[in-house]
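So the working numbering is basically just the index in the sequence shown, starting at one, shifted up by 1. We put the CB at the ideal spot given by N, CA and C, even for glycine. Just so you know, these numbers come straight off a predicted model, no measurement behind them. First comes the structure, then the notes that go with it.
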Amino acid sequence: MAGGRLIASGRLEDDFARMRALLRFIGFILLTGGFVAFVIDGARGIANSQFVSTSLATTLEAALPSLFPHFLPWMSAHLPETAQRLVTGSILTLPTSAVGAILGILLLWLGRRPADPFLFKPLR
């Protein structure tokens with residue numbers, strides 16, 4: 002099919018709408034997960050009288066007990082040394098709540114509806 006006919010039929014626009022809906026759904030799930038992780042860390046902090054956040058590595062170890070131990074050897078075999086240091090030293094030590102919130106907001110932003118072109122009038 003030619004590109005014009007595909008767009009004229011609306012199938013491509015429907016596919017984009019479905020992709021945006023999927024991005025928004027995953028974004029809401031991640032944002033909610035980040036909020037839940039923040040509440041759990043807060044409750045744990047109140048109980049211990051000091052705030053300690055759960056790292057992403059700890060969360061991944063608990064959520065994926067059979068898969069996560071294979072991740073670090075795979076990473077050392079397939080990624081360069083600088084990428085390994087970035088992942089193990091920076092990304093896996095971030096709080097789970099921050100990672101969930103940032104990724105959720107990013108996916109919500111990517112899945113937003115496009116601006117209506119009729120709302121914007123050219124300046125003359």
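Three-state class that DSSP yields for S1 in the structure shown = Not covered by the structure: residue 1. The range shown for the chain is 2 to 125.
Name the DSSP beta bridge partners of S56, please?
-> P96.
Helix, strand or coil for L104, going by three-state DSSP, please let me know.
-> Here DSSP, grouped into helix, strand and coil, assigns L104 to helix.
Answer yes if the region 104-111 comes into contact with the region 50-64, meaning at least three C-beta pairs across the two stretches below 8 Å, and no otherwise.
-> For the pair of segments examined, the region 50-64 was found not to touch the region 104-111: the number of CB pairs separated by less than 8 Å stays below three.
Identify whether S67 lies in helix, strand or coil by the three-state DSSP scheme.
-> Assignment of S67 by DSSP, reduced to helix, strand and coil, places it in the coil class.
With S91 as the anchor, note down where its alpha helix (DSSP H) starts and where it stops.
-> Taken as a continuous stretch (DSSP letters only), S91 belongs to no alpha helix (DSSP H), as it is neither H nor E.
In terms of alpha-carbon separation, which member of A78, W75, D16 and S56 lies closest to D42?
-> Comparing Cα-Cα distances from D42 to each of A78, W75, D16 and S56, the minimum goes to S56.
Cβ pair F39, S98 closer than 9 Å = Yes, Cβ-Cβ distance for F39 and S98 is below 9 Å.
In three-state terms, what does DSSP make of L1?
-> This structure does not reach residue 1, given that the chain is present from 2 up to 125, and the question cannot be answered.
Counting pairs of beta carbons, one from the region 86-102 and one from the region 57-68, are three or more of them closer than 8 Å?
-> Result yes; three or more Cβ-Cβ pairs closer than 8 Å.
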